[in-house]
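Student:
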Amino acid sequence: MPIPRLAATASGQEVADALGREGCAVVERLVPPALLDQARAELRPHLDATPVGTDDFMGHRTRRTGGLVARSATCRDLVMHPLVLEAVGGVLGHATSFQLHLTQVIAIGPGEPAQMIHRDQWAFDFFPFPAGYEVQCNTIWAMTDFTEENGATRLAPGSHRLEDRREFQTSDTVPAEMPAGSVLLYTGALYHGAGANRSAGTRYGLNITYAVSWLRQEENQYLSVPAEIARTLPEPLLRLMGYARGAYSLGYVDDLRDPLDALFGTRDAGVAPGDLAAAERRARGIAGVT
Ligand SMILES: O=C(O)CCC(=O)C(=O)O
Ligand SMILES: [Fe+2]
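So the sequence shown is numbered by my numbering: it starts at 274 and just counts up by one.
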């Protein structure tokens with residue numbers, strides 16, 4: 274089965290329907306490539322400072338840079354992209370709410386072999402979720418063109434319905450080729466993996482994932498985004514990051530307080546709301562980095 278491809282004019286429901294059918298979908302040219310160039314420019318010092326992975330799964334020629342909500346204003350907008358949130362809501366709508374699970378630029382360097390084919394939901398200690406019960410929905414934005422040669426993500430469309438712990442070969446999968454500015458969506462149960470990079474350039478993908486709010490987040494947003502920066506962010510983004518109760522009472526603070534009350538109850542008088550530059554200066558000072 275081919276990967277469903279939709280135009281940027283598609284509705285969130287159409288994307289969610291494609292995800293229900295095949296477990297994956299590409300929305301072509303959803304944002305101008307210049308927006309992703311801007312994100313890359315904002316992240317440049319962090320991308321340059323990130324070490325390569327230390328095992329075969331993370332990739333010995335692959336750099337994974339996270340903390341994107343703290344580090345890039347453009348990435349905040351991508352986390353909150355309305356079409357993506359609508360599609361994710363369609364896939365995870367059986368739960369009370371969903372939240373941000375991780376943010377990561379995946380930069381695959383030349384010569385990196387193909388990653389093992391896997392399900393992202395295996396991160397939840399390999400819990401055997403029932404077939405058809407999705408707890409996670411993911412995006413990979415193409416910051417550079419994704420081609421079979423440079424390591425486009427490889428997918429087995431329809432495999433979200435198969436049994437767990439299945440072994441796939443790379444040859445059982447197809448590459449999600451797409452021009453820069455496009456986004457690949459796939460569910461937590463879909464078998465996939467990064468492709469081998471046989472080109473001379475680096476493949477940049479922006480992996481932003483979401484999961485139901487009753488599961489633990491893969492990237493700890495409370496520590497990845499310093500509170501001084503968090504206090505400058507819009508409330509809907511904060512809630513998506515986990516400053517909200519999941520289901521009835523998950524994640525409350527002391528006397529059943531809402532996490533946002535706790536965050537703002539200790540507002541730092543030295544940083545005015547919205548003054549991101551001041552917040553970042555303060556955060557760097559606190560972290561001991563100049
Ligand atoms: O970068 C990619 O194309 C996919 C990476 C991936 O699936 C993962 O690291 O879990
Ligand atoms: Fe993955």
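Note that CB positions come from ideal geometry on N, CA and C, so glycine has one too.
Taking all protein chains shown into account, decide if GLY538 is buried (16 or more other Cβ within 10 angstroms of its Cβ) or exposed.
Tutor: In the sequence shown, residue 538 corresponds to position 265, counting from 1. With fewer than 16 Cβ atoms within 10 Å of its Cβ, GLY538 is classed as exposed.
Student: Indicate whether the contact test is met: 3 or more Cβ pairs, each with one atom in the region 413 to 425 and one in the region 390 to 403, closer than 8 Å.
Tutor: With a cut-off of 8 Å, the region 390 to 403 and the region 413 to 425 do not count as touching, because too few Cβ pairs lie within range.
Student: Would a C-beta distance cut-off of 8 Å place MET416 and ARG344 closer than the cut-off?
Tutor: Walking along the sequence shown from the start, residue 416 turns up at place 143. Walking along the sequence shown from the start, residue 344 turns up at place 71. Contact: no.
Student: At which residues does the beta strand (DSSP E) containing ILE381 begin and terminate?
Tutor: Taking the first residue of the sequence shown as 1, we reach residue 381 at position 108. 371 to 381 is the extent of the beta strand (DSSP E) around ILE381.
Student: Candidates PHE330, ALA484, ALA307, LEU529: which alpha carbon is nearest LEU513's?
Tutor: To locate residue 513, count along the sequence shown from 1; it is residue 240. Closest by alpha carbon: ALA484.
Student: Nearest to THR446 by alpha carbon, out of PRO383, VAL378, LEU463, GLY332?
Tutor: Your numbering for residue 446 matches position 173 in the sequence shown. Ranking the options by Cα distance to THR446, first place goes to LEU463.
Student: Measuring CB to CB, does ILE379 end up less than 8 Å from ALA467?
Tutor: Here residue 379 corresponds to residue number 106 of the sequence shown, with the count starting at 1. Here residue 467 corresponds to residue number 194 of the sequence shown, with the count starting at 1. Yes, the pair counts as a contact, with Cβ atoms nearer than the cut-off.
Student: State yes or no: is the C-beta of HIS374 nearer than 7 Å to some heavy atom of ligand 2?
Tutor: The residue labelled residue 374 in the question sits at position 101 within the sequence shown. False, no ligand heavy atom lies under 7 Å from that Cβ.
Student: Sorted by chain position, which residues of the same chain lie with C-beta nearer than 7 Å to ALA535's C-beta, five sequence neighbours on each side aside?
Tutor: Reading the sequence shown from its first residue, position 262 is the one you call residue 535. Correct list, in chain order: VAL526.
Student: Check whether the Cβ of ASP437 lies closer than 7 Å to any heavy atom of ligand 2, and answer yes or no.
Tutor: In the sequence shown, residue 437 corresponds to position 164, counting from 1. ASP437 Cβ: outside cutoff for every heavy atom of ligand 2.
Student: Under 6 Å Cβ to Cβ from VAL498, same chain only, skipping five residues before and after it: list those, please.
Tutor: Residue 498 sits at position 225 when you count from the first residue of the sequence shown. Within the same chain, VAL498 has close Cβ partners VAL342, ALA343.
Student: Can you tell me whether HIS465 sits near ligand 2, meaning its C-beta is under 7 Å from at least one heavy atom of the ligand?
Tutor: As a working note, residue 465 is residue 192 in the sequence shown. Yes, since a heavy atom of ligand 2 falls inside the 7 Å radius drawn around the Cβ of HIS465.
Student: Using beta-carbon positions only, say whether ARG334 and GLY382 come within less than 8 Å of one another.
Tutor: Working through the sequence shown from its first residue, we reach residue 334 at position 61. Working through the sequence shown from its first residue, we reach residue 382 at position 109. In this structure, GLY382 lies closer than 8 Å to ARG334 by Cβ.
Student: Give me whichever residues DSSP pairs with VAL526 in a beta bridge.
Tutor: Residue 526 sits at position 253 when you count from the first residue of the sequence shown. Bridge partners of VAL526: ARG530.
Student: By alpha-carbon positions, which one of LEU457, ALA453, GLN377, ALA280 ends up nearest to LEU292?
Tutor: The residue given as residue 292 occupies position 19 in the sequence shown. Ranking the options by Cα distance to LEU292, first place goes to LEU457.
Student: Within the chosen definition, does the region 398 to 411 reach the region 322 to 329 through at least 3 CB pairs nearer than 8 Å?
Tutor: Touching, no.
Student: Counting only the same chain and skipping the five closest in sequence on each side, list residues whose C-beta sits under 8 Å from that of ILE390.
Tutor: Position 117 of the sequence shown, counted from the start, is the residue given in the question as residue 390. Same-chain partners within the cutoff: ARG427, ALA429, GLU440, PHE441, GLN442, THR443, ASP445, THR446, TYR464, HIS465, GLY466.
Student: Sorted by chain position, which residues of the same chain lie with C-beta nearer than 6 Å to THR482's C-beta, five sequence neighbours on each side aside?
Tutor: The residue given as residue 482 occupies position 209 in the sequence shown. Correct list, in chain order: HIS374, LEU375, ASN411.
Student: Just verifying my parser: in three-state terms, what is the DSSP assignment at ALA542?
Tutor: Within the sequence shown, residue 542 is the residue found at index 269, counting from 1. Model confidence at ALA542 stands at a pLDDT of 47, short of 50, so the residue's coordinates are unreliable and nothing is read from them.
Student: Which of the three DSSP states is assigned to ILE276 in this structure?
Tutor: Here the question's residue 276 lines up with position 3 in the sequence shown. Of the three classes helix, strand and coil, the one that applies to ILE276 here is coil, per DSSP.
Student: Quick check: the region 362 to 372 against the region 486 to 495, are there 3 or more CB pairs under 8 Å?
Tutor: In short, these stretches touch, since the Cβ pair count reaches three.
Student: Using three-state DSSP, classify TRP414 as helix, strand or coil.
Tutor: As a first step, residue 414 must be located in the sequence shown, where it is residue number 141. The answer is strand: DSSP assigns TRP414 an E or B state.
Student: For the beta strand (DSSP E) containing ALA298, name the first residue and the last one.
Tutor: Locating residue 298 in the sequence shown gives position 25, counting from the first residue. First-last of the beta strand (DSSP E) with ALA298: 297 to 300.
Student: Quick one: residues in its chain with C-beta nearer than 8 Å to the C-beta of ALA542, no 5 flanking neighbours on either side, listed in chain order?
Tutor: Residue numbering aside, residue 542 sits at position 269 when the sequence shown is read from its first letter. Confidence in ALA542 is poor, its pLDDT being 47 and thus under 50, which makes the residue's placement too unreliable to answer from.
Student: Considering only their Cβ atoms, is the gap separating GLY478 from PRO305 smaller than 8 Å?
Tutor: Sequence index remark: in the sequence shown, residue 305 carries index 32 (1-based). Sequence index remark: in the sequence shown, residue 478 carries index 205 (1-based). No, the pair does not count as a contact, with Cβ atoms beyond the cut-off.
Student: Where GLY431 and GLY461 are concerned, what is the direct C-alpha to C-alpha distance, given to the nearest angstrom?
Tutor: For the purposes of this step, residue 431 is taken as residue 158 along the sequence shown, with counting starting at 1. For the purposes of this step, residue 461 is taken as residue 188 along the sequence shown, with counting starting at 1. Going by the C-alpha atoms only, they are around 12 Å apart.
Student: By a C-beta neighbour count over all protein chains shown, 10 Å radius and 16 as the cutoff for buried, is HIS433 buried or exposed?
Tutor: In the sequence shown, residue 433 corresponds to position 160, counting from 1. Burial call: buried.
Student: Regarding ASP398 and ligand 1, is the C-beta to nearest heavy atom distance less than 7 Å?
Tutor: To locate residue 398, count along the sequence shown from 1; it is residue 125. No, the beta carbon of ASP398 sits no closer than 7 Å to any heavy atom of ligand 1.
Student: Do ARG349 and LEU529 count as a contact pair if the criterion is CB distance below 8 Å?
Tutor: Looking up residue 529 in the sequence shown gives position 256. Looking up residue 349 in the sequence shown gives position 76. Contact: no.
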